[in-house]
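S.K.:
Protein chains in written order, with our numbering: chain A, 1 to 382; chain B, 383 to 764.
#1: Are there 16 or more other CB atoms within 10 angstroms of the CB of residue 543/B, so buried, or fewer, so exposed?
#2: I think residue 26/A touches residue 734/B, with their Cβ atoms under 8 Å apart; what is that distance to the nearest whole Å?
#3: Between which two residues does the alpha helix (DSSP H) containing residue 399/B stretch?
#4: State the start and end residues of the unbroken beta strand (DSSP E) segment that holds residue 647/B.
#5: Residue ranges of each beta strand (DSSP E) run of no fewer than 3 residues wholly in the region 246-331 of chain A, ordered along the chain?
#6: Output the residue ranges of the alpha helix (DSSP H) runs that lie fully inside the region 539-582 of chain B and measure 4 residues or longer, sorted by chain position.
#7: To which residues of the same chain is residue 740/B closer than 6 Å at the C-beta, ignoring the five residues directly before and after it?
#8: Quick test of the definition: if touching needs 3 or more C-beta pairs under 8 Å, does the region 599-606 of chain B touch the region 692-703 of chain B?
#9: Looking only at its chain, what residues have a beta carbon closer than 8 Å to the beta carbon of residue 109/A, apart from the 5 residues adjacent to it on each side?
#10: Would you tell me roughly how many angstroms separate the C-alpha atoms of residue 174/A and residue 153/A, rounded to the nearest one?
#11: Could you compute how far the alpha carbon of residue 497/B sits from the alpha carbon of residue 484/B?
#12: Kindly confirm or deny that the region 417-426 of chain B and the region 387-398 of chain B touch, where touching means at least three C-beta pairs closer than 8 Å.
#13: Three-state secondary structure (DSSP) at residue 492/B?
#14: Give me the Cβ distance between residue 44/A and residue 74/A, rounded to the nearest whole Å; I'm assuming they're in contact under 8 Å.
#15: Nearest-angstrom Cα distance between residue 249/A and residue 33/A?
#16: Going straight from the alpha carbon of residue 683/B to that of residue 663/B, what length do you get?
#17: To the nearest angstrom, report how far apart residue 353/B and residue 458/B are at their CA atoms.
#18: By DSSP, does residue 756/B sit in helix, in strand, or in coil?
#19: To the nearest angstrom, how far is the alpha carbon of residue 639/B from that of residue 22/A?
#20: Would you say residue 299/A faces chain B, with C-beta separation under 8 Å as the test?
#21: Could you check what DSSP says for residue 424/B in three-state terms: helix, strand or coil?
#22: Short of 9 Å Cβ to Cβ, which residues in the region 460-485 of chain B face chain A?
#23: Reducing DSSP to helix, strand and coil, say where residue 133/A ends up.
#24: Got a sec: is the Cβ-Cβ distance from residue 342/A to anything in chain B below 8 Å?
#25: Determine the contact status of residue 384/A and residue 139/A, defining contact as a CB-CB distance below 8 Å.
#26: What residues from chain D crowd round residue 330/A, counting only those whose CB sits closer than 9 Å?
#27: Looking only at its chain, what residues have a beta carbon closer than 6 Å to the beta carbon of residue 89/A, apart from the 5 residues adjacent to it on each side?
#28: Using the beta-carbon of each residue, which ones in chain B are nearer than 9 Å to residue 395/A?
#29: In the structure shown, what three-state DSSP assignment does residue 228/A receive?
#30: Got a sec? Which residues, its chain only, sit under 6 Å from residue 178/A by beta carbon, not counting five neighbours each side?
#31: Taking three-plus beta-carbon pairs below 8 Å as touching, is the region 670-677 of chain B in contact with the region 649-660 of chain B?
#32: Is it true that the CB of residue 608/B sits closer than 8 Å to the CB of residue 579/B?
#33: Could you check where the alpha helix (DSSP H) with residue 480/B kicks off and where it finishes?
#34: First and last residue of the beta strand (DSSP E) that includes residue 740/B?
#35: Enumerate in chain order the residues of its own chain whose CB-to-CB distance from residue 343/A is below 6 Å, with the five nearest sequence positions on each side excluded.
#36: Quick one: what's got a C-beta closer than 6 Å to residue 119/A's C-beta in the same chain, skipping five residues either side?
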């Protein structure tokens, strides 16, 4: 039908769910996956197996696509720039994406833009860390400037002694104040090359051990003032950084207001609820944005939407009993939406998510949590 | 993850949309397609190219699947019975499916079950047709007992002279009264092997030249009595005929009540609105049913949902201008949901559909029609 071809680098669940959205748009997502058993490679028709750190693999992949986008931030910036120099259409572009790839670059740029961020400093020595702790209090949060995800690459250290190993590891580190926060929020928006942007309601995210376990949309009890502030901030960042596609801005809500924690420039875990919870899902919106289509409506389809991540359980039975548990969960809650990523079950690994839609926040949260906990453990909450 | 493998015979848009639903369920639909450019073959990972009339192709395909289901009714019944005799799990089974494959068998069975159907008779000669017309009035509707779809295999004849060609064609024919109807409705339900069943609200379907062009959910102004009667009828037929999966019952609403027109035992055009319009789409529900999972909630997500089929336009430009039209349509109506099937554009061919959700029936219909008409013709309604 003469419709464009979109390539996504990375074969994880974000590609998998983007492929779902692509199907409705008449497209077939092409995926550059590490292996044929990757989450998206199991369901997409056009799969290249190759490395996202190989210029040859990236170039061969990109040349068949009108636009190339990403399900992770791990393609090295110099390769992105080389692809762009060849005239290939990479969205978001390397100049924007670096702010989701490098926490030092992001922190410095946001500070320069006047955006509130936690106090931070690049630390390379014990003395610098000691000074930072003395100035901003202990514990201190140390983050690898690049490569971290899901709590990996983050260390909360109570003293310099605590940080000896990580300081000696050769990893470039950003130290940040351990912010006393009330809760975490996320403002998710999308922006097209044309410059159109659209925001979903601000959500609350609940983390455990550095992993997002629950997202509540809209964030309960958030004042209109803070909600508008968070959305405006995300829209401003999308424009200032030249983001194309989905931008997720992870925020700390503190007594002093909002601080930016992290940026992601792709469909994001804090937006999975939009599949059923919004008239346009983040996956469809990401495709519209990178293809420079006008963006879709972000209206909610229910008063409250709660997504709970499904993490792999720890017992051997947890890895083999999923189908039986699905039967029982479907019977108990016929309106719960279960998403499975086709990934091998390993303890703590994100293998899917469940979404509940409802009127009452407490009840909807309980339904989502019950679903995710039961699928993980095989036990109903007491 | 130890989840079952589902195979679907036929590579059309119904398989394509079922694959979308399968992705969320952690599954990857396997498709038996006629060709690699079939609608579903463009987007699914596991595609067998083969013939649905070849026992060898069907057997090879089915042996890799926990259950085999269908996106059309064209697999010959004797092949289905041979597959069943091999112990393969075919859903719906041949004994149910014959009622969607053979209009004579269907009419006779429904009559025996006491279900209201239009007056009908098998006609093989001009004399039999003449007698039928004399008894039930002209015009008479002649239907090929097997193989018809989208108005193909249906002839409305004003006299015996009109029917000379079709009577001489060797096609087995069922004659039916040309029923004076108020409108057409459809009752779509699903049933699992366990015997659980679920119904969506009864919809109104609008046909042009024998092709469904619009579906309105719920059917506007339908009395509660008739709605319940239609749903009960569909649920009873699903149980009596032993249907597994989605059953669509096409109905005539007449001054004397409801008459059954056709049956389909698969996801059906009259249920496409459920993708966004119901908490559980007909595609997810069909998968749940054939896998004997408990069924999902059929709650609506909006007061009114209207689906308009997108038919291929007639001018050469219609086949090349779709992407530009999509840009303009997305800009005009950001909440409209467009589904494209990846099919080559030919005049009158179903190449996609659009769904509008809203409060007011008239306004929602206008949005859906505007979207479908514009994508087809490149002209906004005046």
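The C-beta atom is built at its ideal place from N, Cα and C for all residues, glycine as well.
M.R.: Answer, in terms of the structure:
#1: Taking the first residue of the second chain as 1, we reach residue 543/B at position 161. Exposed: under 16 other Cβ atoms inside 10 Å.
#2: For this step, residue 26/A is matched to residue 26 along the first chain. For this step, residue 734/B is matched to residue 352 along the second chain. About 7 Å; that satisfies the 8 Å criterion.
#3: Taking the first residue of the second chain as 1, we reach residue 399/B at position 17. Here the alpha helix (DSSP H) through residue 399/B covers 395-406.
#4: Numbered from 1 along the second chain, position 265 holds the residue referred to as residue 647/B. Where residue 647/B is concerned, there is no enclosing beta strand (DSSP E), given that its DSSP letter is neither H nor E.
#5: 257-264, 304-311
#6: Counting only runs of 4 or more, we get 546-549.
#7: Here residue 740/B refers to the residue found at position 358 of the second chain. Excluding sequence neighbours, residue 740/B sits near 686, 746.
#8: no
#9: As a first step, residue 109/A must be located in the first chain, where it is residue number 109. Same-chain partners within the cutoff: 99, 241.
#10: As a first step, residue 174/A must be located in the first chain, where it is residue number 174. As a first step, residue 153/A must be located in the first chain, where it is residue number 153. When rounded, the distance between both Cα atoms is 11 Å.
#11: As a first step, residue 497/B is located in the second chain; it is residue number 115 there, counting from the start. As a first step, residue 484/B is located in the second chain; it is residue number 102 there, counting from the start. Taking the straight line joining both Cα atoms gives about 17 Å.
#12: yes
#13: Taking the first residue of the second chain as position 1, residue 492/B is located at position 110. Looking at residue 492/B - three-state DSSP - the assignment turns out to be helix.
#14: For the purposes of this step, residue 44/A is taken as the residue at position 44 of the first chain. For the purposes of this step, residue 74/A is taken as the residue at position 74 of the first chain. That pair is no contact at about 19 Å.
#15: Stepping through the first chain from its first residue, residue 249/A is reached at position 249. Stepping through the first chain from its first residue, residue 33/A is reached at position 33. Approximately 26 Å between the Cα atoms of the pair.
#16: Looking up residue 683/B in the second chain gives position 301. Looking up residue 663/B in the second chain gives position 281. Those two C-alpha atoms are separated by around 11 Å.
#17: This structure does not reach residue 353/B, given that chain B is present from 383 up to 764, and the question cannot be answered.
#18: For the purposes of this step, residue 756/B is identified with residue 374 of the second chain, where counting begins at 1. Reduced to three states, the DSSP call for residue 756/B is helix.
#19: Within the second chain, residue 639/B is the residue found at index 257, counting from 1. Within the first chain, residue 22/A is the residue found at index 22, counting from 1. Their Cα atoms are separated by approximately 43 Å.
#20: Position 299 of the first chain, counting from 1, holds the residue named residue 299/A. Residue 299/A counts as touching chain B.
#21: Walking along the second chain from the start, residue 424/B turns up at place 42. Coil.
#22: For the region 460-485 of chain B, which is checked against every Cβ of chain A, not one residue is closer than 9 Å.
#23: Within the first chain, the letter at position 133 stands for residue 133/A. Here residue 133/A sits in helix by DSSP.
#24: As a position in the first chain, residue 342/A is number 342, starting the count at 1. So, interface residue.
#25: Missing from the structure shown is residue 384/A; chain A here goes from 1 to 382 and no further.
#26: The question asks about chain D, but that chain is absent: this structure's protein chains are A and B.
#27: The residue you call residue 89/A lines up with position 89 of the first chain. Same-chain partners within the cutoff: 67.
#28: Outside the displayed range of chain A (1 to 382) lies residue 395/A, so it cannot be described from this structure.
#29: Your numbering for residue 228/A matches position 228 in the first chain. DSSP places residue 228/A in helix when its eight states are reduced to three.
#30: For the purposes of this step, residue 178/A is taken as the residue at position 178 of the first chain. The answer, listed in chain order, is 139, 141.
#31: no
#32: For the purposes of this step, residue 579/B is taken as residue 197 along the second chain, with counting starting at 1. For the purposes of this step, residue 608/B is taken as residue 226 along the second chain, with counting starting at 1. Not in contact: residue 579/B and residue 608/B (Cβ atoms no closer than 8 Å).
#33: Position 98 of the second chain, counted from the first residue, corresponds to residue 480/B. Start and end: 476-483.
#34: If you number the second chain from 1, residue 740/B lands on position 358. Its beta strand (DSSP E) spans residues 732-740.
#35: By one-based count along the first chain, residue 343/A stands at place 343. So the qualifying residues of the chain are 39, 351.
#36: In the first chain, counting from the first residue as 1, residue 119/A sits at position 119. Hits under 6 Å: 136, 177.
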